[in-house]
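K.L.:
Protein chains in written order, with the numbering used here: chain E, 1 to 178; chain X, 179 to 348. In this text, a Cβ means the ideal position worked out from N, Cα and C, and glycines have one as well. Only a predicted model underlies this, so the values are computations on that prediction, with no experimental measurement involved. My questions all concern the structure below.
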Amino acid sequence: MDHFERELARMMRDSQEHAPFESQHQVRLRDGVRARRRARAARRAVGSVLAVAGLGIGLFLLPRDHGRDQPQGPVPRPMTSPSYPYTTPSPTPDVSPSETPSSTATNTAGPDEETSGPPPSATSTDGSATVTPDPTTTTTKAVTPPPSATNRPSPPVSPTTTPSTVESSALEGSADPG
Amino acid sequence: MRMEQARADGFDGFVAARWSALFHLARLLVGGDRHRAEDLLQEALVKLWFVWPKIADEAPEAYVRTVLARAAARSARRRWWGENPVAQVPERPEDGDVSASVVERSRLEAALAQLPPRQRAAVVLRYYQDLPEKQVAEALGCPVGTARSHASRGVARLRRLLADVIEPVG
């Protein structure tokens, strides 16, 4: 601290003059305390009102948010579930019936034709003759079988005789009355 | 009720005992304006009343000093006492029946009024209150380096303003 700083400090201290605490100062101080107390009370009341209002708004909005948070329904089942056609039939009524038969026919057409179809070669029931027809002949006979070849039923795709034999037997059956 | 009366008695005793010193501190902090100093001190004492039960046995004067310094440092932003800085310190009053101490005090207050509020607060706390830089910084609510800078700049400006009052040694 140099000379100027010491002199500055001395001037600050020496310049102090006696100022007694008078009654007017006391009255003014009391008034200030009361005013500040009222201001604090008002601020606290406003804060309480705001807090209650905020709490009320929060409680008013809370049930709606709670209902919105609830799950909408059961979790959708996987596509391979057996109950799937029964759970959602209505949303796609035009698509499901058309797709299901087509897909079924497509999937089962091959095996049915290969396994359950009539065999291309047939054996006659009486075992008299076994003819393996020509593929072109067999196809023709299967499509247009004779209307009444014999009395006993026979598979439509099993022509076991030649066309000449069929014609002769047909003539015999029709002529025979017994 | 008895506690309230004891609180009021203790507070009134402290204010009555320290009013003069606190008023002088407030007057230096505002640059010599008596009315402004009284308003500032009243405001600080009202704040002291509400914290009196907590700090009555500790350091109530330090609390008032902090409130005064911070309010005076903030007062530049408020501009509610209408301080008008001028380029030159006003001429010393006419010599007559005024004593030399009054003249010296007037020059000092006029020079302090030329400082920015934060520099003035730092100078007053550092040289009138004789506080170390750390406590000056705590009272102003700023870092120690900032308080040191405010004080050194304020003193440098006061050197120029009071050059004719405080003669340099040698």
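#1: Suppose the cutoff is 6 angstroms on Cβ atoms and the five residues either side in sequence are ignored; what does the same chain contact list for Ser148 (chain E) look like?
#2: Compute the distance between the beta-carbons of Ala291 (chain X) and Ala249 (chain X), then report whether it is under 8 angstroms.
#3: By Cβ distance below 6 angstroms, which residues in the same chain neighbour Ala234 (chain X) in space, the five residues on each side in sequence not counted?
#4: Select from the region 40-65 of chain E all residues with a C-beta closer than 9 angstroms to any C-beta belonging to chain X, and list them in chain order.
#5: Using a 10 Å radius around the Cβ and a threshold of 16 neighbouring Cβ atoms, would you call Glu22 (chain E) buried or exposed?
#6: Give, in chain order, every residue of the region 320-333 of chain X whose Cβ lies closer than 8 angstroms to some Cβ of chain E.
#7: Would Ser198 (chain X) pass as an interface residue toward chain E - the criterion being a Cβ-Cβ separation below 8 angstroms?
#8: How many whole angstroms separate the CB atoms of Gln220 (chain X) and Arg28 (chain E), which I take to be in contact at a CB cut-off of 8 angstroms?
#9: Would you please verify whether the beta carbon of His202 (chain X) is less than 8 angstroms from any beta carbon of chain E?
#10: What's the call for Gly332 (chain X), buried or exposed, on a 16-neighbour Cβ count within 10 Å?
#11: For the region 8-19 of chain E, list every residue whose C-beta sits within 8 angstroms of some C-beta in chain X, in sequence order.
#12: From which residue to which residue does the alpha helix (DSSP H) around Glu236 (chain X) run?
#13: Whose Cβ in chain X lies nearer than 8 angstroms to the Cβ of Val27 (chain E)?
#14: Are there 16 or more other CB atoms within 10 angstroms of the CB of Gly209 (chain X), so buried, or fewer, so exposed?
#15: Looking at the structure shown, is Arg77 (chain E) part of a helix, part of a strand, or coil, going by DSSP?
#16: Listing by chain order, which chain X residues have their CB less than 8 angstroms from the CB of Arg38 (chain E)?
#17: With a threshold of 8 angstroms between beta carbons, is Ala279 (chain X) in contact with chain E?
#18: I'd like the list of long-range same chain contacts for Ser98 (chain E), defined as Cβ closer than 7 angstroms, with 5 residues on each side in sequence excluded.
#19: Could you tell me the alpha carbon to alpha carbon distance between Leu50 (chain E) and Ala39 (chain E), rounded to whole angstroms?
#20: Check whether the region 192-211 of chain X touches the region 286-305 of chain X, counting contact only when three or more Cβ pairs, one atom from each stretch, lie closer than 8 angstroms.
#21: In the structure shown, what three-state DSSP assignment does Gly188 (chain X) receive?
#22: Is there contact here, the region 314-326 of chain X with the region 231-247 of chain X, by at least three beta-carbon pairs under 8 angstroms?
#23: Say whether chain E places a C-beta atom closer than 8 angstroms to the C-beta of Val174 (chain X).
#24: Would you say the region 7-16 of chain E touches the region 297-312 of chain X, given that touching needs at least three Cβ pairs under 8 angstroms?
#25: From the DSSP output, in three-state form, read off Ile57 (chain E) for me.
#26: Taking DSSP as the reference, what is the three-state secondary structure of Leu207 (chain X)?
#27: Given that Gln292 (chain X) touches chain E, what residues does it touch there, using C-beta distances under 7 angstroms?
#28: On the premise that Ala334 (chain X) lies in contact with Glu311 (chain X), defined as a C-beta separation below 8 angstroms, what is that separation, rounded to the nearest angstrom?
#29: Whose Cβ in chain E lies nearer than 7 angstroms to the Cβ of Leu206 (chain X)?
#30: List the residues of chain E whose Cβ lies closer than 7 angstroms to the Cβ of Gln220 (chain X), in chain order.
#31: Secondary structure at Ser15 (chain E), three-state DSSP: helix, strand or coil?
#32: Does the CB of Tyr305 (chain X) have a neighbour CB from chain E at under 8 angstroms?
#33: Reducing DSSP to helix, strand and coil, say where Ala341 (chain X) ends up.
P.N.:
So, from the data block:
#1: Counting from one through the first sequence, the residue named residue 148 (chain E) turns up at place 148. Below a pLDDT of 50, predicted positions are generally treated as unreliable, and Ser148 (chain E), at 46, falls in that range; no measurement from the model is reported.
#2: Position 113 of the second sequence, counted from the first residue, corresponds to residue 291 (chain X). Position 71 of the second sequence, counted from the first residue, corresponds to residue 249 (chain X). Taking 8 angstroms as the Cβ cut-off, Ala291 (chain X) and Ala249 (chain X) do not qualify as a contacting pair.
#3: For the purposes of this step, residue 234 (chain X) is taken as the residue at position 56 of the second sequence. These residues qualify, in order along the chain: Gly188.
#4: Arg40
#5: Start at 1 with the first residue of the first sequence, and residue 22 (chain E) comes out as number 22. Classification for Glu22 (chain E): exposed.
#6: Val333
#7: Residue 198 (chain X) sits at position 20 when you count from the first residue of the second sequence. Ser198 (chain X) counts as touching chain E.
#8: Residue mapping note: residue 220 (chain X) aligns to position 42 of the second sequence, counting from 1. Residue mapping note: residue 28 (chain E) aligns to position 28 of the first sequence, counting from 1. Their Cβ separation, rounded to whole angstroms, is 6 angstroms, which keeps Gln220 (chain X) and Arg28 (chain E) in contact under 8 angstroms.
#9: Start at 1 with the first residue of the second sequence, and residue 202 (chain X) comes out as number 24. So, interface residue.
#10: For the purposes of this step, residue 332 (chain X) is identified with residue 154 of the second sequence, where counting begins at 1. Per the 10 Å Cβ criterion, buried.
#11: Leu8, Ala9, Met11, Met12, Arg13, Asp14, Ser15, Gln16, Glu17, His18 and Ala19
#12: What you label residue 236 (chain X) is simply residue 58 of the second sequence in a count that begins at 1. It is not in any alpha helix (DSSP H) - Glu236 (chain X) carries neither H nor E in the DSSP assignment.
#13: Translated into the one-based positions of the first sequence, residue 27 (chain E) becomes position 27. The contacting residues do not exist; Val27 (chain E) stays about 11 angstroms from chain X at best.
#14: To locate residue 209 (chain X), count along the second sequence from 1; it is residue 31. The residue is buried, with at least 16 neighbouring Cβ atoms inside 10 Å.
#15: Here residue 77 (chain E) refers to the residue found at position 77 when the first sequence is read from its first residue. Arg77 (chain E) falls in the coil class under three-state DSSP.
#16: Locating residue 38 (chain E) in the first sequence gives position 38, counting from the first residue. What Arg38 (chain E) touches in chain X: nothing, since even the nearest Cβ is about 12 angstroms away.
#17: By 1-based counting over the second sequence, the position of residue 279 (chain X) is 101. Correcting the residue type first, residue 279 (chain X) is Ser in the shown sequence and not Ala. Chain E contact via Cβ: present.
#18: Position 98 of the first sequence, counting from 1, holds the residue named residue 98 (chain E). For Ser98 (chain E), the pLDDT reaches just 46, beneath the cut-off of 50, and the residue's location in the model is therefore unreliable, although a value from the coordinates is still provided. The answer is none, since no qualifying residue turns up.
#19: As a position in the first sequence, residue 50 (chain E) is number 50, starting the count at 1. As a position in the first sequence, residue 39 (chain E) is number 39, starting the count at 1. The straight-line gap from Cα to Cα measures roughly 16 angstroms.
#20: yes
#21: As a working note, residue 188 (chain X) is residue 10 in the second sequence. Three-state DSSP puts Gly188 (chain X) in a helix.
#22: yes
#23: Outside the shown range of chain X (179 to 348) lies residue 174 (chain X), about which nothing can therefore be said.
#24: yes
#25: Here residue 57 (chain E) is taken as the residue at index 57 of the first sequence, counted from 1. Looking at Ile57 (chain E) - three-state DSSP - the assignment turns out to be helix.
#26: Reading the second sequence from its first residue, position 29 is the one you call residue 207 (chain X). DSSP places Leu207 (chain X) in helix when its eight states are reduced to three.
#27: As a position in the second sequence, residue 292 (chain X) is number 114, starting the count at 1. The premise fails here: Gln292 (chain X) is roughly 14 angstroms from chain E at the closest Cβ pair, so nothing lies under 7 angstroms.
#28: Position 133 of the second sequence, counted from the start, is the residue given in the question as residue 311 (chain X). Position 156 of the second sequence, counted from the start, is the residue given in the question as residue 334 (chain X). Wrong, their Cβ atoms sit about 16 angstroms apart, outside the cutoff.
#29: Mapped onto the second sequence, residue 206 (chain X) falls at position 28. Residues of chain E passing the Cβ test: Met12.
#30: Position 42 of the second sequence, counting from 1, holds the residue named residue 220 (chain X). Correct list: Arg28, Leu29 and Gly32.
#31: Translated into positions along the first sequence, residue 15 (chain E) becomes position 15. Looking at Ser15 (chain E) - three-state DSSP - the assignment turns out to be coil, as it is neither helix nor strand.
#32: By 1-based counting over the second sequence, the position of residue 305 (chain X) is 127. Cβ-Cβ to chain E under 8 angstroms: yes for Tyr305 (chain X).
#33: One-based indexing of the second sequence puts residue 341 (chain X) at position 163. Ala341 (chain X) falls in the coil class under three-state DSSP.
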